[in-house]
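Taken in order, these protein sequences are the chains called Y and U.
Counted from 1, the first sequence has number 130 at position 131 by numbering that gives the first Met the number 0; the numbering is strictly sequential.
Counted from 1, the second sequence has number 251 at position 252 by numbering that gives the first Met the number 0; the numbering is strictly sequential.
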Amino acid sequence: MISLKVNGAVQEVDVDPSTPLLWVLRDTLGLVGTKFGCGIAQCGACTVHVNGEAVRSCSLPVSAAVDADVTTIEGLAPAKDELHALQKAWVEIDVAQCGYCQAGQLMSAAALLKTNPKPSDEDIDIAMAGNICRCGTYVRIRKAIHQAAAELNGGAA
Amino acid sequence: MNKISKTTLPTQEDLESLFEKYEAHAKSLVNVDLSRRSVLNLSGAVAGGLLLGLFTAGASKRAQAARGDFEPNAYISISPNGRITILSQNPEVGQGVKTSLPMIIAEELDAKWEDVDVQQAYLSQEKFGAQFAGGSRSIPTNWMGHRQAGASARAMLVEAAARQWGVSTDQCTTADSMVMHEASGRKASYGELASAAARMPVPETESLKLKDRSEFKLLGKYVTGVDNEKIVTGQPLFGIDTTFPGMLYAVYEKCPATGGKVASANLDQIKAMPGVKDAFVLEGNGNVMQLMPGVAIVADSTWNAMRAKAALQVEWDESEASKDSWTALSAKAKELSAQPRGAEVVHTTDGIDEAFKGAAKTVKSFYSYPFISHANMEPQNATAWKRGNKLEIWAPTQAPGNLGNFGAWSFLIDGLGFAEENITINMIRGGGGFGRRLANDSVCEAAAIAARMDAPVKLTWTRQDDMLHDYFRAGGFHALEGAVDENGKLTAFRDHFISFTTDGERGVSGGSMNASEFPAPLIANAEISQTLLKIGTPCGPWRAPGSNVFAFAIQSFIHELAVAANRDHLEFLLEIMGEPKWLDENNPYALHTGRAAGVIKLAAKKAGWGRDMPAGRGLGLAFYFSHAGHIAHVAEVSVGAGNKVKVHKVTVAADVGPIVNRSGAENQIEGSVIDGLSTFMNLGLGIENGRIQESNFDQYNILRIPEAPEVEIHFVDSDFAPTGLGEPALPPLAPAVANAIYAASGRRVYSMPLAFGGMSA
């Protein structure tokens, strides 16, 4: 058995240690918000936080996440009835088209704002370049990150 | 078994006729003839609310039991607690219909949008009419019927209130899910009126008073997607999220060259791998749209299935498989392009040859583009569950209905032996469509695998599967010739289009041009001809089929002609349009030259056409008409050292009639610009020995955020019937950028994508 801490809860899973974290989250723990896109860490759809850092869970063996804090899109909101500022901005700006990549986009954006609370367009472009959106919602992603950053920095957008 | 050469693959004609078939089928089933469409009151069957049509399959059965011969076709239910449920009829794949279609109903119902809960409709073309996502048709097909459905419910609520208050219905008004009687100050909520309204007669369609456009409160506003909260919190929503207790996980390996069969495979070794429940060969039925031969592996997790697939060794019998080589096909096409006229003349005019001989100036050019993949972010997948003689499917599909060979149903019925009434297909939100999910090959595979298992089975394609086994957008070649007179006016145009056929007779999707292709119908001397090369690589509809490549070749060439004639491109294009008129008087979905000129002028004005640009920077203009949408783009581009191209901004003007959801409409245009730019800059596939050469996103470079330009959007406020926006804003992007590159650098882009070296010296 492997012990994992996902979204604050300790979970015991009986899987091969080489299994990518993505499939433990989706198939074993039923947390299907984290998405499969490419399997080779190229598209970012599977992005989660491991000890606060954005990682591509499709290419991280679950054994590497033992004793770490794993946060998935299901655990991004600070409380049950409260969305993260990024989630609010994503809803209000209506970022999504198909929506499939957006969990990964949000997790990458959340990692960015932790280290850079007031990112420029260029900072956003660099931090978000690992996340593909096939529908092309990049214009709104930039806008939503700026809006969330403004809210986190004291309200005035 | 059918041979590969006899397989059914969609041509562009097939696709158009498919959509028409869907719509005709719908009419025959539910009498969608708008003037005669009736909304059925089913409230007698349920307690305490107004129910127009039905919103669950369970309710449907109850209603049918209670009322015998009811065939409900509407979408609304109102509960006494005031909640209004509206069903969204068509599959959602990112085009926004799950929000926009219910908005149309809510507008005429005069419902407060916050009171509305939207649910995905179940598949029942008898009850809802055509249920598919394709051809940018959801809005134009359903605009009037949805308005009438909303207006009927509103009329019944008003009737109920008027009777309670003993006043005339004429004296009542509605707003925000309330009926009001201004003279007496009385008002009642839709929830309060629901039970009484349920006993009111359903009004005749002819008696319904629809709103004037000036009275719209919801339509045209920025409304956010109804699934947004689920998307941002990672709730199960997509086909691939389907999960059942005891579910098994499958993968399926097919020959990398289409048409190859399994000669042998190391099944014993695979069956011994961790978590593997079974592994077996499926022979398939030879139909590329349904089930091709391969090896299925079923395991207790996706990872164990994928791990076993990586260890799978298959010897393929490729005697009937595709041997296509893009290198060889390109060389052949180049050779053929020396002929100004192709094997089949689609359109020609008398004196075409003389028109070129007598011209003041002529230009000849050769344009080309490669095959590309749909690359939906959500890989193809489907979940199937066989229980006794019943089969249930959960699939992210654009075409869930049964309409013959185009789709899964004929295989599920004839190939697997399920009776039509024992098959249920649930349409689940899809992570991107773009035409790929009009085919249901993954549904057939999942069903064929699940038919052999005693558990629900989810089939997931790897990204490699998805890229190798697509219905590709075909590559193509255009040998173009144009002539201008001494006044610089376009006098003759000729296109020898070289494309592909898989059946040896008809062009693949996007592989046939027709006589109405711009600018042929607008000038005196024009010719369109084509030559088809036989291939085995499957092709299919890719967002704005045909248009997405014809626009690049032809609208770039029009600019070349303007340059050759020493004319301003804007003026040259407007001159071709001429006087405002419909190209086909009887077809409101045809090109209208006045609407075309309108968007061309608007885009040019908003982008500052004609302003001085610094060295290395330029503006490029392009117009294209497709899917009933008139769209013009102006791209602002710089070309720097080493010919590095940067697209700074794209200004878009669109005339698609009144806008339903402004946010959704702008999102489709922003996405079309970026999708168009992605294909123009980066995307192309090689094919050798029948095998697609790229297999994942490390080789297939979908545009990323640093390359995304600013997009500015302007809509023409027109009174024409509204039309769809899933596709028409994509085609003009490539030529607008190509023309801007020329303006900035004097270099012409003759071949997409730019990354493959498509720019002239």
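All C-beta atoms, glycine included, are put in the ideal place defined by N, C-alpha and C.
Of the listed residues the options, nearest to residue i (C-alpha basis)
i	options	result
Asn303 of chain U	Y:Asp15, Y:Asn6, Y:Glu11, Y:Ser2	Y:Asp15
Asp175 of chain U	U:Gly190, U:Ala737, U:Arg472	U:Gly190
Ser390 of chain U	U:Met751, U:Gly670, U:Trp408	As written in the sequence, residue 390 of chain U is Leu, which differs from the Ser given in the question. Selected option, being the one with the closest Cα: U:Trp408.
Gln96 of chain Y	Y:Val138, Y:Leu112, Y:Thr70	Y:Val138
Gln130 of chain U	U:Gly593, U:Arg162, U:Ile424, U:Glu516	U:Ile424
Lys253 of chain U	U:Ile557, U:Val633, U:Gly293, U:Met177	U:Gly293
Asp226 of chain U	U:Pro727, U:Gly429, U:Ile686, U:Ala491	U:Gly429
Ser336 of chain U	U:Asp494, U:Ser151, U:Ile103	U:Asp494
Thr326 of chain U	U:Lys356, U:Ala438, U:Ser367, U:Arg136	U:Ser367
His145 of chain Y	Y:Gly129, Y:Arg133, Y:Lys117	Y:Lys117
Met512 of chain U	U:Gly607, U:Lys97, U:His346	U:His346
Interface residues of chain U facing residue i [CB-CB closer than 9 Å]
i	result
Leu82 of chain Y	Glu228, Val231, Thr232
Glu73 of chain Y	Thr232, Gly233, Gln234
Ala44 of chain Y	Met376, Glu377, Gly430
Met127 of chain Y	Arg703, Ile704, Pro705
Identified DSSP bridge partners for residue i
i	result
Ala690 of chain U	Strictly speaking, residue 690 of chain U in this sequence is Arg, with Ala absent from that position. Looking at the DSSP assignment, Arg690 of chain U forms a beta bridge with U:Ala256, U:Glu687.
Gln118 of chain U	U:Leu86
Gln10 of chain Y	Y:Leu3
Cys538 of chain U	U:Phe471
Arg616 of chain U	U:Ser637
Ile138 of chain U	Beta-bridge pairing links Ile138 of chain U to no other residue.
Asn380 of chain U	U:Thr459
Phe279 of chain U	U:Ala295
Leu171 of chain U	What sits at residue 171 of chain U in the sequence shown is Cys, not Leu. Answer is U:His180.
Val649 of chain U	U:Ala634, U:Val710
Ser364 of chain U	U:Leu479
Tyr248 of chain U	U:Ala298, U:Lys457
Chain U residues whose Cβ lies nearer than 7 Å to that of residue i
i	result
Cys100 of chain Y	Met376
Arg133 of chain Y	Ala374, Asn375, Met376, Gly431, Ile701
Asp15 of chain Y	Pro273
Nearest-angstrom Cα separation, counted from residue j out to residue i
i	j	result
Cys100 of chain Y	Val94 of chain Y	11 Å
Lys2 of chain U	Lys260 of chain U	Since pLDDT at Lys2 of chain U reaches only 39, below the 50 mark, its modelled position is unreliable, and the value read off the structure follows with that caveat. Their Cα atoms are separated by approximately 11 Å.
Ser555 of chain U	Ile497 of chain U	17 Å
Arg61 of chain U	Glu420 of chain U	Residue confidence is low: Arg61 of chain U scores 31 on pLDDT, short of 50, so the model does not pin down where it sits. No coordinate-derived value is stated.
Leu28 of chain U	Ile412 of chain U	In this predicted model, Leu28 of chain U has a pLDDT of only 43, less than 50, meaning its place in the structure is not dependable enough to derive any value.
Ser123 of chain U	Ile85 of chain U	15 Å
Leu569 of chain U	Glu526 of chain U	24 Å
Asp109 of chain U	Ile658 of chain U	18 Å
Lys270 of chain U	Ala450 of chain U	19 Å
Lys216 of chain U	Glu106 of chain U	7 Å
Glu574 of chain U	Lys643 of chain U	33 Å
Val5 of chain Y	Val69 of chain Y	5 Å
Tyr588 of chain U	Thr722 of chain U	8 Å
Ala182 of chain U	Thr173 of chain U	14 Å
Ser34 of chain U	Gln94 of chain U	Residue confidence is low: Ser34 of chain U scores 30 on pLDDT, short of 50, so the model does not pin down where it sits. Its coordinate-derived value is still stated next. Distance between the alpha carbons of Ser34 of chain U and Gln94 of chain U: 28 Å.
Leu41 of chain U	Val201 of chain U	Because Leu41 of chain U sits at a pLDDT of 48, beneath the cut-off of 50, its placement in the model cannot be relied upon, and the point is left open.
Asp169 of chain U	Gln163 of chain U	14 Å
Ala84 of chain Y	Lys113 of chain Y	12 Å
Gly219 of chain U	Leu618 of chain U	30 Å
Ser2 of chain Y	Leu59 of chain Y	15 Å
Thr823 of chain U	Gln86 of chain Y	Residue 823 of chain U lies beyond the range of chain U shown here (0 to 760); nothing can be said about it.
Asn30 of chain U	Arg340 of chain U	Model confidence at Asn30 of chain U stands at a pLDDT of 34, short of 50, so the residue's coordinates are unreliable and nothing is read from them.
Ala552 of chain U	Pro734 of chain U	7 Å
Cys443 of chain U	Phe410 of chain U	7 Å
Pro520 of chain U	Phe492 of chain U	10 Å
Contact list for residue i against chain Y, beta-carbon separation under 7 Å
i	result
Ala634 of chain U	Near Ala634 of chain U there are no residues of chain Y at all, since even the closest Cβ is about 15 Å away, more than 7 Å.
Ser662 of chain U	Asp93
Interface residues of chain Y facing residue i [CB-CB closer than 8 Å]
i	result
Tyr623 of chain U	Chain Y residues near Tyr623 of chain U: none, gap ~18 Å exceeds 8 Å.
Beta-carbon neighbours of residue i, restricted to chain U and to distances below 8 Å
i	result
Ala148 of chain Y	Here the premise fails: no neighbours, minimum Cβ distance about 16 Å.
Asp26 of chain Y	Tyr248, Ser300, Thr301, Trp302
Leu105 of chain Y	Val231
Closer than 9 Å at the beta carbon, the chain Y residues around residue i
i	result
Arg462 of chain U	Phe35, Gly36, Cys37, Gly38, Ile39, Gln41, Cys42
**Asked** Where in the segment 32-110 of chain Y do unbroken runs of the beta strand (DSSP E), each at least 3 residues long, occur, reported from the N-terminal end onward?
**Response** Annotation note: the segment 32-110 of chain Y contains the following uninterrupted beta strand (DSSP E) runs of length 3 or greater, listed N- to C-terminal: 46-49, 52-55, 68-70.
**Message:** Threshold first: 4 residues or longer. Then list the alpha helix (DSSP H) segments lying entirely within the segment 71-114 of chain U, N to C.
**Reply:** If only uninterrupted alpha helix (DSSP H) runs of at least 4 residues are considered, those enclosed by the segment 71-114 of chain U are 96-108.
**Request:** Taking only runs that begin and end inside the segment 458-518 of chain U, name each unbroken alpha helix (DSSP H) of 4 or more residues, in chain order.
**Result:** Every alpha helix (DSSP H) of 4 residues or more that sits fully in the segment 458-518 of chain U is shown, in chain order, as 462-467.
**Request:** Let me know the alpha helix (DSSP H) ranges lying completely inside the segment 284-355 of chain U, each 4 residues or longer, listed in chain order.
**Result:** Counting whole runs of 4 or more residues, the segment 284-355 of chain U contains the alpha helix (DSSP H) stretches 301-310, 325-335.
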